[in-house]
Amino acid sequence: MQQYGVVTNMTALLNPANHSHKLPPVPTPQQMELDTNKQFELLKINYSRLLSDIDGDLREDLRSGRHLPRIVDKALRLFDLKQVMEEVETSVMSKVSCTACKAGAGLLQHYIRVLNKGEERGCGVGEVQNTSWSLIEKGGEVVYVLKQITLGPDKICSFVIGDACGDVYNPTHEWKVVFPPVQKPDVTPQKAPSPGAPTFKVLHLSDTHFDPYYQEGTNADCKEPLCCRLTNGPALSPHTAAGRWGDYRKCDTPKRTVDHMLQHISSTHPDIDYILWTGDLPPHDVWNQTREENLMVLKETTAQMLQTFPGIPIFPALGNHESAPVNSFPPPFVKNDFGISWLYDELDAQWRQWLPTSVSHTVRRGAFYSVLVRPGFRIISLNMNYCNNKNWWLLLNSTDPAKELQWFIYELQSAEFNGEKVHVIGHIPPGHSDCLKVWSRNYYKIINR
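Just so you know, the sequence shown maps onto residues 437 to 885 in the working numbering.
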């Protein structure tokens, strides 16, 4: 059988006939330093003074064995990260997020360059340099990615933030899918179903964000991004107290609310044909999450669904909050400690309660699958985190991660040959500001084929 792949396009996507395009030169460290300085001028921050202060902090961190460098504390204060986190969560980005992104990326790249040279300011090399890398790598995936790429802050943040940070052309992230040489069949106009025609009753659940640490009566108006926990302390007044069933302020969903919601649906609608369950199960304490806690939420919520809807088919899709850290979904070629198999393997184990074993290989590879619900009707679940522009791993290579769209073309072509209708489910809508434009363009080429 012919294999259909994806080709990287080193020319502009909208001008495929142009073969004379050359990649822009890689910026020098001096140019990148100047660009970073400009971003800090926008923030009204003295960049040189900041570097000097942080160098002193870093030396003290090395001596004291501090778990996380104070560079993180300074970033929280200087870059208004509270507003940035709110904008990231609501997908309503502004110049605040853009400037903070460019300044933060530039600052991290500065220290990566310094440590790569073994020239830590005011310190020697050798053991101190190794310890420095150990400390700065506590920053995790973002630092790892920044060490691998040559993009400057402008291109990084245009990629991550989107239009609010300018539409900077980046030819290394332009690619297009290749279609099989099969002519598109004529489109047959659809007729409205006749009265009394059989119907499906479908339940769609998403974004439950179950918080296992929610505590009634705690402070619902705290200074952290997520409240209503014992760690937030008691409410200062009855007005600020977390309610029994939840709170509309900065709180996630208590277990009793999820339980009662599911039980009410089950008793009110016993004739549900199937359920679409499109992710975002963990709470919003993204700064504090671990892999173990997110897996615990996955297992507990799966058990809830099994208990409440026995015998009803459930078709899940992966949200962007299931990973730890949030939005971190490395492609399959990342095999080190940052790899994602810890999550995908458990998804396969949990989703197997409803899905056939034949989809296990694609779930483990990329958390996507295709199932025949009944003759003539198929559901395809896509992992939309491979179009998620907050997924920093895509900066390494955004070209069809896990070959998901290549597989999608094959599944749709097979469905077309078999006369099947297809419903496609996922967490982030293509065309949304959270989805990479190049991924959205290719997706719409596929479904419009």
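All residues carry an ideal CB built from backbone N, CA and C; glycine is no exception.
Quantities reported herein were computed from a predicted structural model and do not represent experimental measurements.
Euclidean distance between Cα positions of residue i and residue j
i	j	result
Thr744	Lys691	14 Å
Met697	Ile708	15 Å
Pro607	Val799	30 Å
Gln725	Gly812	42 Å
Ser630	Phe636	15 Å
Asp622	Lys881	17 Å
Asp657	Cys664	8 Å
His546	Pro706	59 Å
Met732	Phe774	19 Å
Val579	Asn833	16 Å
Lys612	Val874	8 Å
Tyr605	Gly598	12 Å
Ser894	Leu818	A question about residue 894 goes unanswered here, because the residues of the chain that appear run from 437 up to 885.
Asn668	Ser850	53 Å
Val694	Gln651	14 Å
Pro792	Glu840	19 Å
His645	Phe804	21 Å
His640	Ala760	25 Å
Leu512	Asn825	Note that Leu512 scores 48 on pLDDT, short of 50, meaning its location in the model is unreliable and no value can be drawn from it.
Ala810	Pro746	It is Arg, not Ala, that sits at residue 810 in the sequence shown. Computed Cα separation, rounded: 19 Å.
Ala536	Ile585	19 Å
Gly560	Leu543	For Gly560, the predicted model reports a pLDDT of 43, less than 50, meaning its position is unreliable; a value from the coordinates is still stated below. About 21 Å.
Glu577	Asp836	20 Å
Trp828	Lys627	45 Å
Arg883	Ser806	First, the amino acid is wrong: residue 883 is Ile here, not Arg. Whole-angstrom Cα-Cα distance: 15 Å.
Pro674	Ser764	38 Å
Ile748	Pro766	32 Å
Phe615	Glu660	48 Å
Tyr649	Leu666	8 Å
Thr624	Ala633	20 Å
Tyr710	Leu830	33 Å
Leu734	Gln619	43 Å
His700	Gly653	25 Å
Glu728	Trp790	23 Å
Ala770	Phe595	Residue 770 is actually Val in this sequence, not Ala. Using only the alpha carbons, I get a separation of about 20 Å.
Val762	Leu672	31 Å
Cys871	Met820	8 Å
His609	Ile776	22 Å
Asn395	Pro617	Residue coverage of the chain in this structure runs from 437 to 885, which leaves residue 395 outside it and unanswerable.
Arg384	Pro670	For the chain, the structure presents residues 437 to 885; residue 384 sits outside this window and is missing.
Ser794	Val638	24 Å
Trp778	Gly602	35 Å
Strand pairing of residue i, partner residues [DSSP]
i	result
Pro752	Trp713
Thr676	In the DSSP output, where bridge partners are listed per residue, Thr676 has none listed.
Ile708	The partner list for Ile708 (beta bridge, DSSP) is empty, contrary to what the question assumes.
Leu639	Ile711
Pro670	Thr654
Arg665	Tyr650
Thr535	Thr535 pairs with nothing; no bridge assigned.
Val858	Arg814
Cys871	Asn824
Thr689	Phe646
Residues of its chain near residue i, where Cβ-Cβ distance is below 8 Å and the 5 sequence neighbours each way are ignored
i	result
Leu808	Arg814 and Glu856
Leu662	Asp647, Lys686, Cys687, Asp688, Pro719, His720 and Asp721
Ser796	Asp784 and Arg788
Gly715	Ser642, Asp643, Pro752, Ala753, Leu754, Gly755, Asn756, His757, Glu758 and His863
6 Å Cβ shell around residue i - same chain, five flanking residues per side excluded
i	result
Pro866	Ser876 and Tyr879
Ala541	Pro589 and Ile592
Asp683	Ala656 and Cys664
Leu712	His640, Phe751 and Ile861
Tyr822	Pro837 and Glu840
His859	Ile815
Spatial neighbours of residue i in its chain, beta-carbon cut-off 7 Å, leaving aside the 5 residues before and after
i	result
Arg801	Pro768 and Ala838
Phe583	This sequence places Lys at residue 583; Phe is not what is there. Within the same chain, Lys583 has close Cβ partners Ile548.
Tyr780	Val799, Arg800 and Ala803
Short CB-CB distance (under 7 Å) between residue i and chain C
i	result
Gly747	Protein chain content of the structure displayed is limited to a single chain, and chain C is not contained in it.
- prompt: Are there three or more Cβ pairs, one per stretch, closer than 8 Å when the stretch 840-860 is compared with the stretch 774-790?
  reply: no
- prompt: Can you list the alpha helix (DSSP H) stretches of 4 or more residues lying completely in the stretch 777-854, in chain order?
  reply: As far as the stretch 777-854 is concerned, its whole alpha helix (DSSP H) runs of at least 4 residues are 777-787, 796-802 and 840-853.
query: Are three or more beta carbon pairs between the stretch 673-684 and the stretch 708-725 nearer than 8 Å?
result: no
message: I'd like to know if the stretch 832-848 and the stretch 734-743 are in contact, where contact means that at least 3 CB-CB pairs between them fall below 8 Å.
response: No, because fewer than three Cβ pairs between the stretch 832-848 and the stretch 734-743 fall closer than 8 Å, the two stretches do not touch.
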